[in-house]
Amino acid sequence: SLGKVIVTGLGFVTRMAEYMVAADVLVSKAGPGTISEAAAVSLPVMLTSFLPGQEEGNVDYVIDGGFGAYCADTDPIGIGEEVCMWLHDPAKLEMLSNAAKAKGVPNAARDIAQQIGD
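So for the sequence shown, my numbering puts the first residue at 4; every next one is plus one.
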């Protein structure tokens, strides 16, 4: 047995950045903003759903980028098992986190706004 892992499910929150910085893993649908925010704070991502066409490529981006995986939301046991493996393997979690950091662009919005203003 891998042991117990504390999971906290949240509804809509207004302080997402604070939660992401405090989290070890993000479990989410494949929204581009969410993925970008997670990468910006070096947060590994377990994707559980995507909008066909619109978000499909985001799944590949995360997997190919090495900072997460996909397991359908119809398989909650599979999601739990994979995330538990990450959480109980510090080397794996660090590898995922480093890969997220490599893909992240923490100040992207500010940089774009500055370029537009120049």
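Just so you know, even glycine gets a beta-carbon here, dropped at the ideal spot from N, CA and C.
Can you tell me which of the three DSSP states residue 103 falls into? As a position in the sequence shown, residue 103 is number 100, starting the count at 1. DSSP places residue 103 in helix when its eight states are reduced to three.
For residue 125, which of 80, 19, 116 and 106 has the nearest alpha-carbon? Residue 125 falls outside the range modelled here, since the chain spans only 4 to 121, and no answer is possible.
Exposure of residue 70, with buried meaning 16 or more beta-carbon neighbours within 10 Å: In the sequence shown, the residue the question calls residue 70 occupies position 67. The residue is buried, with at least 16 neighbouring Cβ atoms inside 10 Å.
Threshold first: 4 residues or longer. Then list the alpha helix (DSSP H) segments lying entirely within the stretch 13 to 55, N to C. 19 to 25 and 35 to 43
Does DSSP put residue 71 in a helix, a strand or coil? Here residue 71 refers to the residue found at position 68 when the sequence shown is read from its first residue. Of the three classes helix, strand and coil, the one that applies to residue 71 here is strand, per DSSP.
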